[in-house]
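Note that the numbering used here gives residue 911 to position 578 of the sequence shown, counting from 1, and the numbers run on in steps of one.
We put the CB at the ideal spot given by N, CA and C, even for glycine.
Worksheet: the structure to be examined is printed underneath.
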Amino acid sequence: MSAETSVPRPRESGLDISDSDLFRGLMSEAPFAFAFFDASGRFVRVNATFTEMTGHPVDRHLDRLPAELLPADLTAAIEAALRRVGEDGLPVTDQRIRTRAENDDTRHWAVSFFPMRGGENGDVGVAMFGVDLTEQQMSRELLQRSEERYRSLVESQQQLVWITSPSGAVAEDAPQWRAITGQGLEEYLTHGWLEAVHPDDRPGAEEAWREALRGRTMFEWSYRVRTRASGYRHFEVRAVPIMRHGRVVEWVGANTDVTPQREAEEMRGRLTDQLGAAALRTARLQGATAMLAEALTVEQVVQVIIDVGRTALAADHSAVALLDPERGTLKLSNSGGLPDVTGDEIDLSHSNVMTMAVNSRRPVFAESPESLRAQLVDAGADEARIADFLAHTDERAWVGLPLLAAGRALGALRFSFLRSQKISQEDGVFYEALAGQCALAVERATLFEREHRTAETLQRSLLPERLPDVAGLKLAKLFLSGSRHVQVGGDWYDGFVLQDGRVAAVVGDVMGKGVKAAAGMGRIRNAMRALALTNPPPAAVLTGLDRVFEATEEEEQVTTLAYMVVEPGTGEGTLALAGHPPPLLVSPQGTAILHETEPGTPLGWATSRKQFRFCVPPGHTAVLYSDGLVENRRRGLDAGLRELAAVVSEASQEVLSNPSMLLDFLVERMLGGYEQDDDVTVLAVHVPPTTKSD
334 MSAETSVPRP RESGLDISDS DLFRGLMSEA PFAFAFFDAS GRFVRVNATF
384 TEMTGHPVDR HLDRLPAELL PADLTAAIEA ALRRVGEDGL PVTDQRIRTR
434 AENDDTRHWA VSFFPMRGGE NGDVGVAMFG VDLTEQQMSR ELLQRSEERY
484 RSLVESQQQL VWITSPSGAV AEDAPQWRAI TGQGLEEYLT HGWLEAVHPD
534 DRPGAEEAWR EALRGRTMFE WSYRVRTRAS GYRHFEVRAV PIMRHGRVVE
584 WVGANTDVTP QREAEEMRGR LTDQLGAAAL RTARLQGATA MLAEALTVEQ
634 VVQVIIDVGR TALAADHSAV ALLDPERGTL KLSNSGGLPD VTGDEIDLSH
684 SNVMTMAVNS RRPVFAESPE SLRAQLVDAG ADEARIADFL AHTDERAWVG
734 LPLLAAGRAL GALRFSFLRS QKISQEDGVF YEALAGQCAL AVERATLFER
784 EHRTAETLQR SLLPERLPDV AGLKLAKLFL SGSRHVQVGG DWYDGFVLQD
834 GRVAAVVGDV MGKGVKAAAG MGRIRNAMRA LALTNPPPAA VLTGLDRVFE
884 ATEEEEQVTT LAYMVVEPGT GEGTLALAGH PPPLLVSPQG TAILHETEPG
934 TPLGWATSRK QFRFCVPPGH TAVLYSDGLV ENRRRGLDAG LRELAAVVSE
984 ASQEVLSNPS MLLDFLVERM LGGYEQDDDV TVLAVHVPPT TKSD
């Protein structure tokens, strides 16, 4: 029995158990529970404190056996102790008994049993002494629960708690640390924990720990710890000094495992990078697609691809080659050539990234010279030529992409880089998508150029091959097709000699594009000639054209024209307009005047046609033109007319005296800085200056 609860064995010498004073004191004054049992185990004496244990009054105990009063568990404990005392003749000490009162309060007791002997008769009974330990037990249980809660809290937070001496040396075991790291106790003690810290994190952690020890400040750090399985986990560490009387008595720290958080952050970072890269690739592909959609010719498509290679792919060199299936060669479309090719043509039997892409119909990715060498060798290339190429080029990574349209090879793209490249699966998908868009653009541009040439040929065939050569008059013409969408336009011009020797000059415009506009232009041009040759006055010709228009053309078809008749030599003439811009009269000194006359209405509109005197004095030039010369998306008609009159003043005398040069000059100046989006038709009527011989 402990020193706190055990009762010392009474001295047996001189003991008179019947002494009334002794028993009275035990019964009334003792703070401990007391009971005396006779040799048969019956109660002989109990005190008031003992009744707190049993819950029965004092007199009810007397001359009764424990089994007659007490619960079974308490009876069993008392009888077992009495039996042992009786058999061994020795005390039974520090027995723990728990009792429950009528109000359900639980009490804890420490009891001891001692044999009581009388002089000559020997043993007379057993005395029991009990001490109430309820408060101590409750304190112990509270402490135990507190420790359990603390332990549960620490374990639930994945924390490793440790303690060091004031100097920072580990002096107590930390089983959780050793369970994770696999360190033995001797390895862990003192400063052995540092051996489990990742080598890259160890110097910083050690220095931060020493700094905290010197300053007696909180230690906060993070490092990776080697685990029993030889992997590493991330821990955040915090330790505080425990102070007593101004001195550090120990350090208490906790390591929190933050590996899941770190891994989640790394995963989020990787996902963010991947999403960012995917968004960037998508934006680049959309940008390339938009630029390719605006490119009409193969040359423009090639230039877009070169620009995309430089901006979107950060390629150092880019090349485009189109396939000539009949000759079995790739023709380079951009100048500069390739370091592994002689000339501008590549035979398909010559292995490089472009021919491999075309022959296999698959992309070729070479992330390094070693990768390129291996692929070229597999394709049957000469190893000596490969070595020579790699020795003399500064390129270190290559991409070859086939241009495929409906499974048919159109050519190949080649991008190269001066540094080795890591080409991911996502990059490969992006390259293939880009190649697909480029192939569509190349196919569209090739078709455009072919059909555009056909359209221009058709359009020009509807115009007169040459203008009449008449003494005293010079005619010049200029026609620029604006068929951006491979459709025939409706602009036209004509010049012919009438029966009376005068010359008819006309410029017309059938609004719209395509075969419909071209057919309308052909009908109006032919009707114009027929009417002018039979009844040449301009007003009469326009009136006849109105009747023809109503009979042959649709009502929504808008057609305008300017028609003039000029006398060679004198320049006297007559003009009529059908909704067309007025002629420009240019003097030999560079003065330009727009003829002020009523523009009239387009053909087919009910109106009374009028004609006006229009004279082209010797040395002057009259210019008839379509609206494509003066009007576009960025410049209105009125502004264009003013600009046309103004640019004439910048022409030289040589230009002013030569109608062909004058037309070239006007078209160049009027279209400079603007995108041509319509046909441009210009016709000049020049009356040479008179000479003495005239």
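Below 8 Å on the Cβ atoms is my contact criterion, and I expect residue 839 with residue 899 to pass it. Report the Cβ-Cβ distance as a whole number of Å. For this step, residue 839 is matched to residue 506 along the sequence shown. For this step, residue 899 is matched to residue 566 along the sequence shown. Actually they are not in contact, since the Cβ atoms of residue 839 and residue 899 sit about 12 Å apart, beyond 8 Å.
Buried/exposed call for residue 505, threshold 16 Cβ in 10 Å: For the purposes of this step, residue 505 is taken as the residue at position 172 of the sequence shown. Its Cβ having fewer than 16 others within 10 Å, residue 505 is exposed.
Rounding to the nearest angstrom, what Cα-Cα distance links residue 547 and residue 513 in this structure? As a position in the sequence shown, residue 547 is number 214, starting the count at 1. As a position in the sequence shown, residue 513 is number 180, starting the count at 1. Distance between the alpha carbons of residue 547 and residue 513 is about 29 Å.
6 Å Cβ shell around residue 572 - same chain, five flanking residues per side excluded: On the sequence shown, position 239 is the one that residue 572 refers to. Hits under 6 Å: 552, 584 and 586.
Might you give, ordered along the chain, the residues of its own chain that have their beta carbon closer than 6 Å to the beta carbon of residue 335, omitting 5 neighbours on each side? As a position in the sequence shown, residue 335 is number 2, starting the count at 1. Annotation note: pLDDT 39 at residue 335 (below 50); position unreliable, no value reported.
For residue 588, which three-state DSSP category applies? Position 255 of the sequence shown holds residue 588. Note: residue 588 maps to strand in three-state DSSP.
Residue nearest to residue 725 in terms of C-alpha spacing, selected from 603, 1008 and 673: Numbered from its first residue, the sequence shown carries residue 725 at position 392. For residue 725, the nearest C-alpha among the options comes from 673.
What span of residues does the alpha helix (DSSP H) with residue 693 cover, start to end? Residue 693 sits at position 360 when you count from the first residue of the sequence shown. 686-693 is the extent of the alpha helix (DSSP H) around residue 693.
Since residue 874 is in the alpha helix (DSSP H), which residue starts that stretch and which ends it? Residue mapping note: residue 874 aligns to position 541 of the sequence shown, counting from 1. Counting along the chain, the alpha helix (DSSP H) containing residue 874 begins and ends at 871-885.
With a Cβ-Cβ cutoff of 7 Å, do residue 729 and residue 719 count as a contact? One-based indexing of the sequence shown puts residue 729 at position 396. One-based indexing of the sequence shown puts residue 719 at position 386. No, Cβ-Cβ distance for residue 729 and residue 719 is not below 7 Å.
Quick one: grab the DSSP three-state call for residue 634. One-based indexing of the sequence shown puts residue 634 at position 301. In this structure, residue 634 counts as helix in the three-state DSSP scheme.
Where does residue 478 fall in DSSP's three states? Here residue 478 corresponds to residue number 145 of the sequence shown, with the count starting at 1. If DSSP states are grouped into helix, strand and coil, residue 478 belongs with the helices.
Does the Cβ-Cβ distance between residue 686 and residue 697 come in under 7 Å? In the sequence shown, counting from the first residue as 1, residue 686 sits at position 353. In the sequence shown, counting from the first residue as 1, residue 697 sits at position 364. Yes, the Cβ-Cβ distance between residue 686 and residue 697 is below 7 Å.
Exposed or buried, residue 755, counting other C-beta atoms within 10 Å across all chains shown (16 or more means buried)? In the sequence shown, residue 755 corresponds to position 422, counting from 1. Exposed, since its Cβ has fewer than 16 Cβ neighbours within 10 Å.
In or out: residue 884 buried (at least 16 other Cβ within 10 Å) or exposed? As a working note, residue 884 is residue 551 in the sequence shown. Exposed.
Can you give me the C-alpha to C-alpha distance between residue 871 and residue 911, rounded to a whole angstrom? On the sequence shown, position 538 is the one that residue 871 refers to. On the sequence shown, position 578 is the one that residue 911 refers to. Straight-line Cα distance between these residues: approximately 10 Å.
Is the beta carbon of residue 908 less than 7 Å from the beta carbon of residue 947? For the purposes of this step, residue 908 is identified with residue 575 of the sequence shown, where counting begins at 1. For the purposes of this step, residue 947 is identified with residue 614 of the sequence shown, where counting begins at 1. Contact flag set, yes.
Can you have a look at residue 1014 and say buried or exposed, based on whether 16 or more other CB atoms are within 10 angstroms of its CB? As a first step, residue 1014 must be located in the sequence shown, where it is residue number 681. Under this definition residue 1014 is a buried residue.
Do residue 996 and residue 1017 have their beta-carbon atoms positioned less than 7 Å apart in this structure? The residue you call residue 1017 lines up with position 684 of the sequence shown. The residue you call residue 996 lines up with position 663 of the sequence shown. Contact: yes.
Taking Cβ positions, are residue 690 and residue 744 nearer each other than 7 Å? The residue labelled residue 690 in the question sits at position 357 within the sequence shown. The residue labelled residue 744 in the question sits at position 411 within the sequence shown. Contact: no.
Alpha carbons only, please: which of 442, 545, 448 and 935 is nearest the one belonging to residue 422? Sequence index remark: in the sequence shown, residue 422 carries index 89 (1-based). When each option's Cα is compared against that of residue 422, the closest is 448.
Cβ shell of residue 830 (< 8 Å), same chain only, five flanking positions each side left out: As a first step, residue 830 is located in the sequence shown; it is residue number 497 there, counting from the start. Result list for residue 830: 801, 803, 836 and 837, in chain order.
Using C-beta distances below 6 Å, list every residue in its chain close to residue 411, excluding the 5 sequence neighbours before and after it, in chain order. Translated into the one-based positions of the sequence shown, residue 411 becomes position 78. Closer than 6 Å at Cβ, skipping near neighbours: 399.
Own chain partners of residue 813 with C-beta closer than 6 Å, once the 5 adjacent residues on each side are dropped: The count along the sequence shown starts at 1 and reaches residue 813 at position 480. Same-chain partners within the cutoff: 1013.
Extent of the continuous alpha helix (DSSP H) run through residue 941: Here residue 941 refers to the residue found at position 608 when the sequence shown is read from its first residue. Neither: residue 941 is in no alpha helix (DSSP H) and is coded neither H nor E.
Expected contact under 8 Å - CB spacing of residue 953 and residue 915 to nearest Å: Start at 1 with the first residue of the sequence shown, and residue 953 comes out as number 620. Start at 1 with the first residue of the sequence shown, and residue 915 comes out as number 582. Actually they are not in contact, since the Cβ atoms of residue 953 and residue 915 sit about 15 Å apart, beyond 8 Å.
Go through its chain and collect everything with a Cβ distance to residue 625's Cβ below 7 Å, but skip five positions before and after it. By 1-based counting over the sequence shown, the position of residue 625 is 292. Cβ neighbours of residue 625 beyond the five flanking positions: 634, 637, 770, 771 and 774.
For residue 445, which of 438, 458, 424 and 451 has the nearest alpha-carbon? As a working note, residue 445 is residue 112 in the sequence shown. For the residues 438, 458, 424 and 451, the minimum Cα distance to residue 445 belongs to 424.
For residue 651, I'd like the list of residues in its chain whose CB is within less than 6 Å of its CB, leaving aside the five on either flank, ordered along the chain. Translated into positions along the sequence shown, residue 651 becomes position 318. If we look at residue 651 and ignore the five residues flanking it on each side, its Cβ neighbours are 639, 642 and 748.
DSSP beta-bridge partners for residue 497? Numbered from 1 along the sequence shown, position 164 holds the residue referred to as residue 497. According to DSSP, residue 497 bridges with 503 and 584.
Residue 841 by DSSP, collapsed to three states: which one? Residue numbering aside, residue 841 sits at position 508 when the sequence shown is read from its first letter. Three-state result, residue 841: strand.
What did DSSP end up calling residue 533 once you bin it into helix, strand or coil? For the purposes of this step, residue 533 is taken as residue 200 along the sequence shown, with counting starting at 1. Of the three classes helix, strand and coil, the one that applies to residue 533 here is coil, per DSSP.
Would you mind working out which of 367, 371, 896 and 598 sits nearest residue 381, comparing C-alpha positions? As a first step, residue 381 must be located in the sequence shown, where it is residue number 48. Of 367, 371, 896 and 598, the residue nearest in Cα terms is 367.
Around the Cβ of residue 824, are there at least 16 other Cβ atoms within 10 angstroms (buried) or fewer (exposed)? Residue numbering aside, residue 824 sits at position 491 when the sequence shown is read from its first letter. Residue 824 comes out buried.
Would you mind sorting residue 679 into buried or exposed? The rule is 16 or more other CB atoms within 10 Å of its CB. Counting from one through the sequence shown, the residue named residue 679 turns up at place 346. So residue 679 ends up on the buried side.
Hey, residue 443 and residue 459 are a contact pair by Cβ (cut 8 Å); roughly how many whole angstroms apart? Here residue 443 refers to the residue found at position 110 of the sequence shown. Here residue 459 refers to the residue found at position 126 of the sequence shown. Rounded, the Cβ-Cβ distance is 17 Å, inconsistent with contact.
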